[in-house]
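Engineer: Mind having a look at this structure? Questions to follow.
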Amino acid sequence: MSLNDINLLTENIHWLTMDQAWHYRVLPKGRTSERLQLYCEDSADENELLAELEVIFGLEIVLDPIPVTQIARLLSKYYLKDNAPQDSKQVTLSKTPDDFLNNLIQEAKSLKSSDIHIETYENKCRVRIRIDGMMIERSLIKREDYPALINKIKIYAKLDITEKRLPQDGRINFKHQDQQFDIRVSVLPTLHGEKVVLRLLNNDATKIDLNSLGFSTFDLDNYLQGAKRPNGILLISGPTGSGKTTTLYATLKLLNKETRNILTIEDPVEYTLEGINQVQLKESIGLGFAEALRAFLRQDPDVIMVGEIRDTETANMAIRAALTGHLVLSTIHTNSAWGTVSRLTDMGVHPFLVANTLNTTVAQRLIRLLCPECKQFRDFDSSLYPKQFKPYVEITKHYVANGCEHCYFTGYKGRKAVYEVIPIDQELSAEIKGGNMNINGMLKERGVRTLAENAFNFFSAGQTSLEEIYPLLLNY
Ligand SMILES: [Zn+2]
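See below:
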């Protein structure tokens, strides 16, 4: 079993109070009538810990030291809920689901949350919000209040309140005082009732800026050279929720000049940008990415942004647009920057056409940054790295996540994107034509930094933890 697989049994969580777990930084492992097994930090003074814990529990204590990063991860995973400043309280909605909803949405927005989940189980109904990618429980709702709340949301989103067996999607334009933004609503019938997810969309793109997303200076230079070319395809790859769209919007902002005609087809339109013609995808009426692209070409565009290339038809339309002198920006679902090439050829695009149109390929991931208020400085032992990872800077100290009221006891606050940027030059283009996938040597010569290398830079600079970038180092 690798350390990453350590999971605690939920029924064991109550052996320790939240205070005990956080104070001693220990977690329940196993128990017999006279013995309690606990995970502790490998840097802990075990004798001191044993002495105190044996008094507290009146049991023989057996400690199993594991890396501090693991303790931090497990503490925030299992001992977060009760620890957060606002305890999950059972709320009674009384007669105002309106107020409850208003408050909830405003609160989520002010916490920079991206989604609100309202869900029902056999014995409880709860509200969770997602902050920096992590779900945090906010409140429990009485079962009898739940239907009224869901109905209210459906009314706001102009959905059919009598339909409770099929999924529905809608949109709310939320206005309160000086705030105004759109919310995408998704209703899903589950075993115990309807689950609702509210995605809070950012209507204001003025704050996003290419310089602050996470690019290194070197990568940003390369990226901008591609984005400023008059034609070709610039593709960003990465899993869902890796911030690809934000990078594209920041790019569009930069390209948004009076002299350019910019068209976008998106699902959903996440930000609105003044001066750009944005179209919402609507597959139910036959307006898909490919159909929109076809129509765009008759609209004399300079720059086209396509939300995602996910089928052959869209890929071919994007290639056609690029070949006829347009700059096409889009995202694609692959794991690596170079993987984009094989993804396109797998979709049936001829390597020759990929070679002639692809101008820049980018991979990106989001990593959480350590909370500056509570991160802790510790000695670092290089045996903590994944085996195949060879650091190019020696690290002797590092920061680990802790948790405080500023970060909802998660130890993290805010996120940055980690990038890998490959500008396609003539030589690389020739490799694409020849179907050569093994181009690592050529990328090194060009100084291309991999996702792992750029992630490591955030770690060595003390901005994030080893645990947070660990999955990226595995692909070193
Ligand atoms: Zn903190």
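Under the numbering used here, think of the first position of the sequence shown as 28, with each following residue one higher.
Ideal placement from N, C-alpha and C gives every residue a C-beta, glycine not left out.
The structure displayed is predicted, hence computed values, not measured ones.
(1) Hey, out of Ile180, Leu218, Ile466, Asn429, whose CA is closest to Arg211's CA?
(2) I'd like the span of the beta strand (DSSP E) that includes Asp196, first residue to last.
(3) Hey, would you say the C-beta of Glu171 is under 7 Å away from at least one heavy atom of ligand 1?
(4) According to DSSP, simplified to helix, strand and coil, what is Ile156?
(5) How would you label Val82, buried or exposed, when you count the other beta carbons within 10 angstroms and need 16 or more for buried?
(6) What residue from Asn283, Phe208, Arg192 has the CA that sits closest to Leu218's CA?
(7) Could you give the distance in angstroms between the alpha-carbon of Glu61 and the alpha-carbon of Ile88?
(8) Are there any heavy atoms of ligand 1 lying less than 7 Å away from the beta-carbon of Glu400, as far as the coordinates show?
(9) For Leu320 and Leu282, what's the separation of their Cα atoms in angstroms?
(10) How about the region 268-287 and the region 306-315: do they share at least three Cβ pairs that are nearer than 8 Å?
(11) Are the Cβ atoms of Ala342 and Leu324 separated by less than 8 Å?
(12) Return the bridge partner residues of Glu164 from the DSSP annotation.
(13) Once DSSP output is grouped into helix, strand and coil, what is the label at Pro92?
(14) In three-state terms, what does DSSP make of Tyr435?
(15) To the nearest angstrom, report how far apart Leu380 and Arg442 are at their CA atoms.
(16) Can we count Gly438 as close to ligand 1, meaning its CB is less than 7 Å from some heavy atom?
(17) Can you look up Met332 in the DSSP assignment and give me helix, strand or coil?
(18) Using 8 Å as the Cβ pair cut-off and three pairs as the minimum, do the region 455-463 and the region 250-265 touch?
(19) If we require 4 or more residues per run, which alpha helix (DSSP H) segments fall completely within the region 387-468?
(20) Run through the DSSP bridge pairs and tell me what Ser264 is partnered with.
(21) If you measure from the beta carbon of Ser213 to each beta carbon in chain C, is any gap under 8 Å?
(22) Helix, strand or coil for Lys139, going by three-state DSSP, please let me know.
(23) If we count Cβ pairs, one from each stretch, closer than 8 Å, do we get three or more for the region 457-468 versus the region 134-153?
(24) Roughly how many whole angstroms lie between the Cα atoms of Gln207 and Asp231?
(25) DSSP three-state label for Leu281, please.
(26) Cβ of His433 within 7 Å of any heavy atom in ligand 1?
(27) Residues in the same chain with beta-carbon distance under 6 Å from Gly489, minus the five sequence neighbours each way, listed in chain order, please.
(28) Could you tell me if the beta carbon of Val430 falls within a distance shorter than 7 Å of some heavy atom in ligand 1?
(29) Just tell me which of Phe486, Cys431, Thr367 has its CA closest to the CA of Tyr419.
(30) Skipping 5 residues on each side, what residues in its chain have a beta carbon closer than 6 Å to that of Glu480?
(31) Just to confirm, does Ser410 get its C-beta within under 7 Å of one of the non-hydrogen atoms of ligand 3?
(32) Name, in chain order, the residues that DSSP records as bridge partners for Leu225.
(33) Excluding sequence positions up to five away, which residues of its chain have a Cβ less than 8 Å from the Cβ of Arg405?
(34) Just to check my reading of the structure: Ile331 and Ala348 have Cβ atoms closer than 8 Å, yes? What is that Cβ distance to the nearest angstrom?
(35) For Pro295, name the three-state secondary structure that DSSP assigns.
(36) In three-state DSSP terms, what is Arg325?
Structural biologist: Well, looking at it:
(1) The option with the nearest alpha carbon to Arg211 is Ile180.
(2) Here the beta strand (DSSP E) through Asp196 covers 195-203.
(3) no
(4) strand
(5) exposed
(6) Checking every option, the nearest Cα to that of Leu218 belongs to Arg192.
(7) Distance between the alpha carbons of Glu61 and Ile88 is about 9 Å.
(8) yes
(9) Approximately 19 Å, taken between the alpha carbons.
(10) no
(11) no
(12) Arg155
(13) strand
(14) coil
(15) Near 36 Å, if we compare the C-alpha coordinates of Arg442 and Leu380.
(16) yes
(17) strand
(18) Taking 8 Å as the limit for Cβ pairs, the verdict is that the region 250-265 does not touch the region 455-463.
(19) 453-460
(20) Beta-bridge pairing links Ser264 to Ile359, Ala390.
(21) Going by chain labels, chain C is absent from the structure shown, which holds only one protein chain.
(22) Residue state, collapsed to three classes: coil.
(23) no
(24) 9 Å
(25) helix
(26) A distance criterion of 7 Å places the beta-carbon of His433 in contact range of ligand 1, judged by its closest non-hydrogen atom.
(27) Tyr426
(28) The identity of residue 430 in the sequence shown is Gly, whereas the question assumes Val. It does: the Cβ of Gly430 is within 7 Å (strictly closer) of some heavy atom of ligand 1.
(29) Phe486
(30) none
(31) You won't find ligand 3 in this model; what it holds is ligand 1.
(32) Ile143, Val212
(33) Ser70, Val95, Lys424, His425, Tyr426, Val427
(34) 6 Å
(35) coil
(36) helix
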